[in-house]
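Q: This is the structure I want to talk about, given as structure tokens.
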Amino acid sequence: MRCPYCREDDDKVVDSRVADEGDAIRRRRECLGCGRRFTTHERIDALPLVVAKRSGVKEPFVRAKLARGIAQAVGGRPIEGAVDEIAAEIEEQMRELGPEVPSEAVGLAVLERLRALDPVAYLRFASVYKDFEDVADFEQELARLQKTTAPKRRAPAGS
Ligand SMILES: [Zn+2]
């Protein structure tokens with residue numbers, strides 16, 4: 001780390017401690033050129049997650065916005081209290097796919113989740129989602145989703 005006083009590149013760390021409740025490391029350094037001390041903070045870069053819309057527009061993923069969309073669909077339903085949890089799970093899922101995900105992937109992940117939790121919320125979300133996306137593509141995706149997540153039927157015994 002370059003010394004802010006004399007521009008020397010060599011220093012030694014004389015103290016290192018956790019700062020910001022574990023989100024950063026604070027280091028006291030001593031310049032090997034002039035002997036003066038200075039402080040550095042090391043922290044993890046927040047990893048961006050970007051949603052790419054069909055129009056090509058990219059915007060940062062905002063969990064609160066997703067939660068609002070889900071809240072609309074589950075209003076008055078027994079799973080109403082699970083909105084934040086669902087949104088957090090979707091975010092986690094998208095981060096595994098990220099750093100850039102198509103908006104359809106987000107919508108479909110919500111559909112998949114709601115489908116398993118509450119059929120009414122699922123249909124509501126599906127109809128809202130439909131307003132925003134190209135209908136034909138949506139139905140195609142939905143058909144694909146239904147195929148891949150429908151309960152598997154056992155093959156008849158003996159066949
Ligand atoms: Zn120095």
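Quick note, the sequence shown lines up with residues 1 to 159 if you use our numbering. Note that beta-carbon positions come from the ideal geometry of N, C-alpha and C, so glycine has one too.
1) Going by beta carbon distance, what residues of the same chain come within less than 6 Å of E8, once the five residues before and after it are set aside?
2) For V57, does the count of other Cβ atoms within 10 angstroms reach 16, so buried, or fall short, so exposed?
3) Counting only the same chain and skipping the five closest in sequence on each side, list residues whose C-beta sits under 8 Å from that of A52.
4) Cβ-heavy atom distance between R36 and ligand 1 below 7 Å?
5) Return helix, strand or coil for P78, following the three-state DSSP convention.
6) My guess is that R26 and R17 are in contact by the Cβ rule of under 8 Å, so how many angstroms apart are they, rounded?
7) Please work out which residues of its chain come closer than 7 Å, Cβ to Cβ, to M1, disregarding the five sequence neighbours upstream and downstream, and give them in chain order.
8) Let me check understanding here. Comparing Cα to Cα, which of D23, E21 and G35 lies closest to C6?
9) Thinking C-beta only, is I90 closer than 8 Å to V62?
10) Mind checking whether A73 and V13 have CB atoms under 8 Å apart?
11) Rounded to whole angstroms, what's the CA-CA distance from A121 to A143? Just pull it up for me.
12) Over the uninterrupted alpha helix (DSSP H) stretch that includes I86, give me the two end residues.
13) Tell me which residue opens and which closes the beta strand (DSSP E) that E104 is part of.
14) Say yes only if the C-beta of Y5 is nearer than 7 Å to one or more non-hydrogen atoms of ligand 1, and no if none qualify.
A: Taking the coordinates as given:
1) Counting from 1 along the sequence shown, the entry for residue 8 is found at position 8. Leaving aside the five residues that flank E8 on each side, the residues in its chain whose CB is nearer than 6 Å to its CB run, in chain order, C31 and G33.
2) By one-based count along the sequence shown, residue 57 stands at place 57. V57 comes out exposed.
3) For the purposes of this step, residue 52 is identified with residue 52 of the sequence shown, where counting begins at 1. Contacts found: K58, E100, V101, P102 and S103.
4) If you number the sequence shown from 1, residue 36 lands on position 36. The answer is yes for R36.
5) Numbered from its first residue, the sequence shown carries residue 78 at position 78. In the structure shown, P78 sits in coil (DSSP, three-state: anything other than H, G, I, E or B).
6) For the purposes of this step, residue 26 is taken as residue 26 along the sequence shown, with counting starting at 1. For the purposes of this step, residue 17 is taken as residue 17 along the sequence shown, with counting starting at 1. Confirmed, Cβ separation roughly 5 Å.
7) Residue numbering aside, residue 1 sits at position 1 when the sequence shown is read from its first letter. Correct list, in chain order: D11, R29 and T40.
8) Locating residue 6 in the sequence shown gives position 6, counting from the first residue. Cα-wise, what sits closest to C6 is G35.
9) Here residue 62 refers to the residue found at position 62 when the sequence shown is read from its first residue. Here residue 90 refers to the residue found at position 90 when the sequence shown is read from its first residue. If you check the CB distance, V62 and I90 do not come in under 8 Å.
10) Residue 73 sits at position 73 when you count from the first residue of the sequence shown. Residue 13 sits at position 13 when you count from the first residue of the sequence shown. For A73 and V13, no; Cβs fall outside 8 Å.
11) The count along the sequence shown starts at 1 and reaches residue 121 at position 121. The count along the sequence shown starts at 1 and reaches residue 143 at position 143. When rounded, the distance between both Cα atoms is 18 Å.
12) Residue numbering aside, residue 86 sits at position 86 when the sequence shown is read from its first letter. I86 -> alpha helix (DSSP H) spans V83 to L97.
13) For the purposes of this step, residue 104 is taken as the residue at position 104 of the sequence shown. Premise fails: E104 lies in the alpha helix (DSSP H), S103 to L117, not in any beta strand (DSSP E).
14) For the purposes of this step, residue 5 is taken as residue 5 along the sequence shown, with counting starting at 1. It does: the Cβ of Y5 is within 7 Å (strictly closer) of some heavy atom of ligand 1.
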